[in-house]
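FYI, my numbering numbers position 6 of the sequence shown as 65, with every residue one higher than the one before it.
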Amino acid sequence: MNVPPDEIKAWLTKAKSDLDSARILIEHKPWNYDTACFHCQQAAEKALKAFLVAHATEFDRVHAMSYLVDVCAARNPAFNDLREKAELLSPYAVEIRYPGDALEVPREDAEEAYAAATAIWEFVLKQLPADVQP
60 MNVPPDEIKA WLTKAKSDLD SARILIEHKP WNYDTACFHC QQAAEKALKA FLVAHATEFD
120 RVHAMSYLVD VCAARNPAFN DLREKAELLS PYAVEIRYPG DALEVPREDA EEAYAAATAI
180 WEFVLKQLPA DVQP
(Lines of atoms letter the chains of each structure in order from A; the text may use other names.)
(Lines give C-alpha, C1' and ligand atoms only; values in the text may rest on other atoms or scores of the structure.)
Protein backbone atom coordinates (compact mmCIF):
# COMPACT_ATOMS: atom_id res chain seq x y z
CA MET A 60 0.00 0.00 0.00
CA ASN A 61 1.52 3.27 -1.14
CA VAL A 62 -1.40 5.38 0.03
CA PRO A 63 -0.97 7.46 3.18
CA PRO A 64 -2.65 5.62 6.08
CA ASP A 65 -4.46 8.83 7.08
CA GLU A 66 -6.31 8.90 3.76
CA ILE A 67 -7.58 5.35 4.22
CA LYS A 68 -8.44 6.03 7.84
CA ALA A 69 -10.42 9.12 6.80
CA TRP A 70 -12.64 7.01 4.51
CA LEU A 71 -13.13 4.43 7.26
CA THR A 72 -13.88 7.09 9.86
CA LYS A 73 -16.59 8.57 7.65
CA ALA A 74 -18.00 5.08 7.05
CA LYS A 75 -18.10 4.37 10.78
CA SER A 76 -19.81 7.70 11.42
CA ASP A 77 -22.54 6.77 8.93
CA LEU A 78 -22.93 3.33 10.52
CA ASP A 79 -23.20 4.86 14.01
CA SER A 80 -25.70 7.45 12.74
CA ALA A 81 -27.86 4.70 11.25
CA ARG A 82 -27.96 2.84 14.57
CA ILE A 83 -28.98 6.01 16.41
CA LEU A 84 -31.74 6.75 13.90
CA ILE A 85 -33.10 3.22 14.20
CA GLU A 86 -33.13 3.27 17.99
CA HIS A 87 -34.35 6.75 18.89
CA LYS A 88 -37.72 8.40 18.46
CA PRO A 89 -38.82 9.91 16.25
CA TRP A 90 -37.73 7.03 14.08
CA ASN A 91 -36.25 7.95 10.75
CA TYR A 92 -35.83 4.59 9.11
CA ASP A 93 -35.45 5.97 5.60
CA THR A 94 -32.58 8.22 6.70
CA ALA A 95 -31.07 5.32 8.65
CA CYS A 96 -31.09 3.24 5.46
CA PHE A 97 -29.39 6.08 3.58
CA HIS A 98 -26.63 6.12 6.21
CA CYS A 99 -26.31 2.33 5.96
CA GLN A 100 -25.77 2.61 2.22
CA GLN A 101 -23.27 5.40 2.72
CA ALA A 102 -21.34 3.42 5.34
CA ALA A 103 -21.01 0.43 3.03
CA GLU A 104 -20.11 2.60 0.04
CA LYS A 105 -17.39 4.43 1.95
CA ALA A 106 -16.01 1.19 3.39
CA LEU A 107 -15.71 -0.30 -0.10
CA LYS A 108 -14.08 2.88 -1.35
CA ALA A 109 -11.65 2.77 1.58
CA PHE A 110 -10.53 -0.67 0.41
CA LEU A 111 -10.02 0.66 -3.12
CA VAL A 112 -8.13 3.72 -1.87
CA ALA A 113 -5.94 1.47 0.26
CA HIS A 114 -5.01 -0.50 -2.83
CA ALA A 115 -4.55 2.59 -5.01
CA THR A 116 -7.31 1.33 -7.28
CA GLU A 117 -9.03 3.84 -9.53
CA PHE A 118 -12.82 3.93 -9.30
CA ASP A 119 -15.63 6.11 -10.56
CA ARG A 120 -17.16 8.44 -7.97
CA VAL A 121 -20.56 6.78 -8.05
CA HIS A 122 -23.08 5.33 -5.60
CA ALA A 123 -23.52 2.10 -7.59
CA MET A 124 -22.91 -0.65 -5.07
CA SER A 125 -22.65 -3.46 -7.64
CA TYR A 126 -19.99 -1.51 -9.50
CA LEU A 127 -17.98 -0.99 -6.31
CA VAL A 128 -18.21 -4.69 -5.45
CA ASP A 129 -17.02 -5.51 -8.98
CA VAL A 130 -14.00 -3.24 -8.67
CA CYS A 131 -13.16 -4.63 -5.20
CA ALA A 132 -13.65 -8.20 -6.43
CA ALA A 133 -11.14 -7.60 -9.21
CA ARG A 134 -8.55 -7.17 -6.43
CA ASN A 135 -10.03 -9.80 -4.09
CA PRO A 136 -12.67 -12.25 -5.40
CA ALA A 137 -14.01 -12.76 -1.86
CA PHE A 138 -15.81 -9.44 -2.27
CA ASN A 139 -18.27 -11.25 -4.55
CA ASP A 140 -19.75 -12.74 -1.38
CA LEU A 141 -20.95 -9.23 -0.46
CA ARG A 142 -22.90 -8.68 -3.66
CA GLU A 143 -26.35 -9.49 -2.25
CA LYS A 144 -25.83 -7.25 0.77
CA ALA A 145 -24.52 -4.42 -1.41
CA GLU A 146 -27.45 -4.70 -3.82
CA LEU A 147 -29.89 -4.61 -0.91
CA LEU A 148 -28.44 -1.20 0.01
CA SER A 149 -28.42 0.25 -3.53
CA PRO A 150 -31.94 1.76 -3.50
CA TYR A 151 -31.04 3.79 -0.42
CA ALA A 152 -28.29 5.77 -2.18
CA VAL A 153 -30.54 8.24 -3.95
CA GLU A 154 -34.13 7.12 -4.43
CA ILE A 155 -35.06 7.10 -0.74
CA ARG A 156 -33.75 10.61 -0.12
CA TYR A 157 -36.30 12.54 -2.16
CA PRO A 158 -40.08 12.79 -2.09
CA GLY A 159 -41.93 10.84 -4.69
CA ASP A 160 -42.76 7.18 -5.09
CA ALA A 161 -40.61 5.95 -2.22
CA LEU A 162 -42.60 4.04 0.34
CA GLU A 163 -42.23 4.41 4.07
CA VAL A 164 -39.42 2.18 5.29
CA PRO A 165 -40.40 -0.24 8.06
CA ARG A 166 -38.07 -0.94 10.97
CA GLU A 167 -37.41 -4.48 9.70
CA ASP A 168 -35.98 -3.07 6.46
CA ALA A 169 -33.84 -0.61 8.38
CA GLU A 170 -32.52 -3.44 10.58
CA GLU A 171 -31.77 -5.52 7.48
CA ALA A 172 -29.94 -2.58 5.90
CA TYR A 173 -27.97 -2.05 9.10
CA ALA A 174 -26.98 -5.73 9.21
CA ALA A 175 -25.87 -5.60 5.56
CA ALA A 176 -23.83 -2.43 6.10
CA THR A 177 -22.25 -3.86 9.24
CA ALA A 178 -21.28 -7.05 7.41
CA ILE A 179 -19.64 -5.05 4.62
CA TRP A 180 -17.88 -2.80 7.15
CA GLU A 181 -16.53 -5.77 9.11
CA PHE A 182 -15.43 -7.60 5.96
CA VAL A 183 -13.53 -4.55 4.70
CA LEU A 184 -11.82 -4.06 8.07
CA LYS A 185 -10.54 -7.64 7.93
CA GLN A 186 -8.91 -6.85 4.57
CA LEU A 187 -6.98 -3.86 5.86
CA PRO A 188 -4.07 -3.52 8.30
CA ALA A 189 -4.79 -2.31 11.83
CA ASP A 190 -2.81 0.91 11.41
CA VAL A 191 -5.39 2.33 8.98
CA GLN A 192 -8.45 1.45 11.04
CA PRO A 193 -10.20 4.12 13.10
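We treat Cβ as the ideally placed atom computed from N, Cα and C, and that holds for glycine.
Practice task
Verify whether the separation of the beta carbon atoms of C96 and F110 is less than 7 Å.
Solution key: Here residue 96 refers to the residue found at position 37 when the sequence shown is read from its first residue. Here residue 110 refers to the residue found at position 51 when the sequence shown is read from its first residue. With respect to the 7 Å criterion, C96 and F110 are not classified as neighbours on the basis of their beta carbons.
Exercise for the section: Starting from R172, trace the alpha helix (DSSP H) both ways and give me its first and last residue. Expected result: Within the sequence shown, numbered from 1, the residue matching residue 172 stands at position 113. Here the sequence assigns Ala to residue 172, which means Arg is not the residue at that position. Residues 166-186.
Exercise for the section: State yes or no: is the beta carbon of S80 nearer than 7 Å to at least one beta carbon in chain D? Expected result: In the displayed structure, chain D is absent; only one protein chain is listed.
Exercise for the section: Run the CB neighbour count on H67, radius 10 Å, all protein chains shown included, and call it buried at 16 or more, exposed below. Expected result: The count along the sequence shown starts at 1 and reaches residue 67 at position 8. Note that residue 67 corresponds to Ile in the displayed sequence, not to His. Classification for I67: buried.
Exercise for the section: Specify whether the stretch 117-127 and the stretch 85-99 touch according to this definition: at least 3 beta carbon pairs, one from each stretch, less than 8 Å apart. Expected result: Contact between the stretch 117-127 and the stretch 85-99 is not established, with fewer than three Cβ pairs separated by less than 8 Å.
Problem - Closest Cα partner of R82 within the set D65, W70, Q101, L127 - result: Along the sequence shown, read from residue 1 onward, the residue named residue 82 stands at position 23. Closest by C-alpha distance to R82, out of D65, W70, Q101, L127, is Q101.
Handout entry: Same chain only: Cβ atoms within 7 Å of K148, ignoring 5 sequence neighbours per side
Key = As a first step, residue 148 is located in the sequence shown; it is residue number 89 there, counting from the start. The question names Lys, yet the displayed sequence has Leu at residue 148. Excluding sequence neighbours, L148 sits near C99, Q100, A103, M124, A172, A175, A176.
Practice task
Can you give me the Cβ contacts of Y151 inside the same chain, cut-off strictly under 7 Å, excluding the 5 residues immediately before and after it?
Solution key: As a working note, residue 151 is residue 92 in the sequence shown. Closer than 7 Å at the Cβ level, and outside the excluded window around Y151, lie C96, F97, C99, Q100, A172.
Handout entry: Enclosing alpha helix (DSSP H) for Q101 [first to last residue]
Key = As a working note, residue 101 is residue 42 in the sequence shown. Note, Q101: alpha helix (DSSP H), 92-113.
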